[in-house]
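The structure under discussion appears below in the form of structure tokens.
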């Protein structure tokens, strides 16, 4: 089945991850999905792919996912790593939207949360890359797309853990420098507010597009970054936030 494009995707049970999986399947990819819940397995059935229940924090689960994908399809062309807030959208955002005067906890956050977030946002990508990269080298190339956040490059008080994704961005650059010679790239897609957020009027007005992104729009950007057309884009951080972030980079 070497003529089939295959996407291995994590965190696809709901929200952005689910939207990316749907769009990748629409683009012709066979999808292999994993999330901590059964939802990825149900979605995989709908999309004609394979799914499993597992954790990106468990190397054994990641290895089992890769093995099952190779057994089913014989290759892995794209890896999409999505891991957001484990409990869903933070309460502060769900109830008031983005408030620049929001005074949330920072020094009160326990060490355990920082370490857990580093594992969820960064080390899961490193672990999966260790497993999949030799496969991509042997088959002649591949793409990694990491779902990051607009708050990584412009930190906002309600999302303090997003600062750790800065380490993910640096890793992607180092990875791209090392493996571009093998026709492999890694980029970070940074969504802004999406349709699952009940935006306040202030938050909505702060977005030049005057609306949140749909999951399909984020998914379509993911499809592009995974495609051959984006192969010369490597180690980059791509915003899809309706113009909300103000920095010019």
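In my numbering, the protein residues as written are 69 to 317. All residues carry an ideal CB built from backbone N, CA and C; glycine is no exception. This one's a predicted model, so the numbers in the text were calculated from it and none came from an experiment.
Excluding its 5 nearest sequence neighbours in each direction, residue 277 has C-beta neighbours in its own chain below 7 Å: 310 and 311, listed in chain order. Annotated three-state conformation of residue 125 is coil, per DSSP. In the DSSP assignment, residue 146 falls within the beta strand (DSSP E) that extends over 146 to 150. DSSP, read as helix, strand or coil, puts residue 241 in helix.
Close CB contacts of residue 240 within its chain, under the 7 Å cut and outside five residues either way in sequence, are with 214, 254, 255, 256 and 303 (chain order). Between residue 130 and the set 200, 72 and 73, the nearest pair of CA atoms involves 200.
Pairwise C-beta distances place the segment 283 to 296 out of contact with the segment 225 to 242, as fewer than three of them are shorter than 8 Å. Residue 101 holds the alpha-carbon nearest to the alpha-carbon of residue 75 among 85, 101 and 81. Sequence-distant Cβ neighbours of residue 250 in its own chain, meaning closer than 6 Å and more than five residues away, are 205. For residue 258, the beta-bridge partners assigned by DSSP are 307.
Between the beta-carbon of residue 79 and that of residue 150 there is about 4 Å, and that keeps the pair under the 8 Å contact cut. Between residue 267 and residue 261, the CB-CB gap stays under 8 Å. Between residue 308 and residue 289, the gap from beta carbon to beta carbon is short of 8 Å.
Cα atoms of residue 141 and residue 71: separation of roughly 10 Å, rounded to the nearest angstrom.
Selection 212, 246 and 259 evaluated against residue 220 yields 259 as nearest (Cα-Cα). Here residue 122 is near residue 133, since their CB atoms are less than 8 Å apart. Beta-carbon to beta-carbon, residue 73 and residue 97 are separated by about 5 Å, close enough to satisfy the 8 Å threshold. Straight-line spacing of the CA atoms in residue 286 and residue 306 works out to 11 Å. Residue 115 places its beta carbon less than 8 Å from that of residue 99. Taking the Cα of residue 174 as reference, the smallest distance to any Cα among 90, 291 and 224 is reached at 224. Under the three-state reduction of DSSP output, residue 80 falls in the coil class, being neither helix nor strand. For residue 214, the pairing in a beta bridge is given by DSSP as 149 and 256. In the three-state reduction of the DSSP assignment, residue 286 falls in the helix class. Of 227, 300, 77 and 222, the smallest CA-CA separation from residue 146 is found for 77.
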